[in-house]
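Student: Submitted below is the structure of interest, expressed as structure tokens.
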Amino acid sequence: MSRLKGILKKLTGNLGLKILSLLLAFLLWVGVVSIDNPVMTLPFASVPITVENADLMEKEGKAFELSDSSKTVTVSVRAERSVLSDLSRDNFKASIDMAKLSGNQVPIEVKATRYADRIQSVYPRQEYATVFVEDLEKIYCKIHAETVGDPAEGYIVGKSTIRDNVVQVKGPASIVSRIENAVARINVSGMSGEIHSTENIILLDENGESVDTSTLTLSITQTYVSAEIWAIKEVPLHYGVSGVPAQGFGATGQTEISPASISITAPDSILKNISAISIPSDLVSLEGVTDSVSKTVNLTSYLPDGVSLVYPETESEAVITVYVEPHSSRELAIPLQNIAAGNVPEGMVATVQDTQEPVTIEVRGLSKDIEAIDPVGITGIADLSVIQAGENGTIIPNVYEVPVTLDLPEGVEQTGTGTVHILLQVAVPGMDEGNVDMTGGTFNSASPDNEGDSANREDDTEVAEGESSSEEEKAGEDKSSDGEKSSVRNPDVGDESMGQKPDNEGLAGDSASGNRKPEEEDSEDNNDSTSNNIVNAKSSTRKSAGFGAITNN
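Here it is in structure tokens:
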């Protein structure tokens with residue numbers, strides 16, 4: 099007990115000094131703390147102001163917008179230095195309550211979201227926010243897909259699709275009225291295939307500038323976008339012309355089209371089947387023209403379905419030019435050996451006479467075509483169907499003047515007329531055509547093996563006379579009663595000329611003896627008689643011709 103009393107005495111002894119010591123120690127501690135971690139007031143700038151109860155304005159059909167000076171606020175905070183050092187503007191929330199709107203002023207409230215229990219005070223330096231109130235406007239805006247960047251070389255953006263094509267926008271009329279378009283942009287840089295992406299919706303004004311959406315309400319803020327990347331293919335333009343130029347004019351064959359090819363694009367399934375773009379020939383008509391023709395064609399009208407032009411600003415039209423010039427004329431000297439007889443009467447032989455010069459005939463066509471013609475290579479036909487039959491319906495052997503029709507290259511036409519003399523004779527089987535009597539009389543049929551044998555010649559002569567008589571009956575000639583030679587009557591040239599025989603005719607009734615009758619004329623008289631027997635058989639009508647036997651005397 100005494101011991102306890104001793105301890106208490108020591109503790110209570112000098113009590114005043116001990117209390118003073120404790121007080122001094124506390125003050126010393128406070129002093130040290132105040133110097134090392136003092137309480138301070140610091141500003142935190144640009145704290146965003148949020149809006150509460152904004153729907154109250156919408157229910158009244160009103161919209162509002164904060165003034166630029168009221169979109170953020172500076173906050174003053176009082177706390178120990180150690181606390182302040184751990185804070186930033188993100189630890190504070192500044193807000194306005196539209197239910198407290200008075201005029202156009204709303205009080206700003208600030209709260210700390212961190213160390214709230216260690217902060218002595220927090221308040222905004224700007225007490226009120228300024229709000230502009232106006233009518234609420236609501237619009238529906240179509241959303242377009244846009245691409246950004248360029249695809250890989252040789253490719254182009256073919257088709258873009260978007261999942262949502264309309265967005266509803268609500269907000270102050272002054273801002274909503276500026277909206278012209280809504281887009282969702284997808285980046286296609288370096289791409290060569292189809293791509294997909296979720297992109298933000300951007301509102302644009304009439305200048306293509308972005309519109310601030312902080313005071314606007316959008317029904318959707320993002321949408322799904324796809325872009326197809328198509329290959330580029332260069333294809334030629336195919337075209338034709340129709341119609342015929344006016345008489346005396348012709349197309350030179352030279353045509354031009356500009357551009358000659360175009361660049362197109364389409365999905366691979368379509369593009370791989372296209373090798374050219376065809377322009378209908380009836381678009382360029384030469385019917386009745388007398389000069390070159392140029393035609394501008396709208397190419398977009400002839401693109402297959404699903405195909406687009408890569409450069410529509412320069413390749414949507416093509417100009418087709420077809421050159422036309424007047425025809426030129428030229429006279430061609432056709433060798434007689436190039437002329438054949440056509441439509442030779444049955445049972446007769448036609449021979450082109452060699453007493454004429456080459457046949458000269460005028461032709462017409464484009465200068466390049468007629469200058470390229472070599473007359474030596476041109477053939478023609480003397481159509482004997484123009485020869486008129488006699489009164490008895492038979493063709494009389496004679497020399498006829500027959501028009502020639504040339505076989506000319508395409509684009510060249512015959513404009514002039516030319517004739518040749520055709521010797522038309524009766525054909526006798528087994529005999530040389532050069533010995534046939536043009537009047538249908540007898541001929542020398544002796545062969546070299548029997549030459550000098552008068553008996554054989556007499557037999558041959560009887561055969562020849564019989565055949566000759568048969569031919570004369572076909573020609574409608576009357577046989578005299580006393581056995582003298584009959585003459586062929588040509589109603590076109592008269593009786594006296596048709597009784598003559600040409601030089602090449604042999605013995606008739608006296609062929610068995612080999613002697614000529616004294617009354618026969620000499621060769622000069624016979625030639626004159628033959629020249630008088632030429633019959634004009636010109637005709638402008640060309641019939642279908644077959645080829646007969648042809649010899650040259």
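Counting in our numbering, the sequence shown runs from 99 upward without gaps.
In this text, a Cβ means the ideal position worked out from N, Cα and C, and glycines have one as well.
1) Which first and last residues belong to the alpha helix (DSSP H) in which K370 is found?
2) Buried or exposed for A214, going by 16 or more other Cβ atoms inside 10 Å?
3) CA-CA distance, I372 and L401?
4) How about T197 and I206: do their beta carbons lie closer than 8 Å?
5) Would you list the residues sitting across from P501 in a DSSP beta bridge?
6) Go ahead and pull the three-state DSSP assignment for V411.
7) The beta strand (DSSP E) that contains M446, what's its start and end?
8) Exposed or buried, which one is A280 when buried takes at least 16 other CB atoms within 10 Å?
9) Any contact between the stretch 165-174 and the stretch 207-226? By contact I mean 3 or more CB pairs, one from each, below 8 Å.
10) Between T313 and N189, what straight-line distance do the alpha-carbon atoms span, to the nearest angstrom?
11) Is it buried or exposed for P249, if we count other Cβ within 10 angstroms and need 16 for buried?
12) Between K466, V339, V442, L182, which has its C-alpha nearest R216's C-alpha?
13) Locate the beta strand (DSSP E) running through D481, then write down its first and last residues.
14) Please confirm whether I318 and I299 have their CB atoms less than 8 Å apart.
15) If we call anything under 8 Å between Cβ atoms a contact, is L434 one with V526?
16) Going by the CB atoms, is the gap between I476 and G440 shorter than 8 Å?
17) Return the first residue and the last residue of the alpha helix (DSSP H) that E469 is part of.
18) Please name the residue or residues paired with F347 in a DSSP beta bridge.
19) With distances taken Cα to Cα, identify the nearest neighbour of V286 among E326, V447, A431, L118.
20) Going by the DSSP bridge assignment, what does S174 pair with across the sheet?
21) Count the other CB atoms within 10 Å of the CB of P343; is the residue buried (16 or more) or exposed (fewer)?
22) Check whether the Cβ atoms of V395 and I375 lie closer than 8 Å to each other.
23) What residue does the alpha helix (DSSP H) around K157 start on, and which one ends it?
24) Tell me where the beta strand (DSSP E) around C301 begins and ends.
25) Count the C-beta pairs between the stretch 482-496 and the stretch 414-423 that are closer than 8 Å, then say yes if the count reaches three, no if not.
26) Would N151 count as contacting chain B if we go by Cβ distances under 8 Å?
27) Closest to A210 by CA distance: which of E444, L185, G201, P334 is it?
28) What are the start and end residues of the beta strand (DSSP E) that includes L381?
29) Buried or exposed: which applies to L118, given that a residue is buried once 16 or more other Cβ atoms fall within 10 Å of its Cβ?
30) Report the three-state DSSP secondary structure of S359 (helix, strand or coil).
31) Taking the Cβ atom as the reference point for each residue, do A152 and P270 lie within a distance shorter than 8 Å?
32) Who are the near neighbours of E292 in its chain, counting only those whose CB is closer than 6 Å to its CB and skipping five residues on each side?
33) Rounded to whole angstroms, what is the Cα-Cα separation between V204 and V149?
34) What are the start and end residues of each continuous beta strand (DSSP E) run of 3 or more residues lying completely inside the stretch 188-241, in chain order?
35) If you draw a straight line from the C-alpha of I241 to the C-alpha of I273, how long is it?
36) For I273, report the span of its alpha helix (DSSP H) as first-last.
Tutor: By the coordinates alone:
1) Run containing K370: none; DSSP gives neither H nor E here.
2) exposed
3) 10 Å
4) The question names Thr, yet the displayed sequence has Ala at residue 197. In this structure, I206 does not lie closer than 8 Å to A197 by Cβ.
5) T517
6) First, the amino acid is wrong: residue 411 is Glu here, not Val. Correct three-state label for E411: helix.
7) 446-450
8) buried
9) yes
10) 24 Å
11) Under the 10 Å beta carbon count, P249 is surrounded by 16 or more other beta carbons and is classified as buried.
12) Comparing Cα-Cα distances from R216 to each of K466, V339, V442, L182, the minimum goes to L182.
13) Annotation for D481: the continuous beta strand (DSSP E) segment containing it runs 477-481.
14) yes
15) no
16) no
17) According to the DSSP assignment, E469 belongs to the alpha helix (DSSP H) that extends over 465-469.
18) P424
19) The candidate whose alpha carbon is nearest that of V286 is E326.
20) P141, Y221
21) buried
22) no
23) 153-157
24) What sits at residue 301 in the sequence shown is Leu, not Cys. For L301, the enclosing beta strand (DSSP E) has its first and last residue at 293-302.
25) Counting C-beta pairs closer than 8 Å gives fewer than three between the stretch 482-496 and the stretch 414-423, which falls short of the contact rule.
26) The chain labelled as chain B is not found in the depicted structure, where only one protein chain is given.
27) L185
28) Looking at the DSSP string, L381 is not in any beta strand (DSSP E), and its letter there is neither H nor E.
29) exposed
30) strand
31) no
32) Cβ contact annotation for E292 (same chain, cutoff 6 Å, sequence separation greater than five): E326, in chain order.
33) 10 Å
34) Qualifying beta strand (DSSP E) stretches, in chain order: 190-195, 203-210, 217-222.
35) 18 Å
36) 271-274
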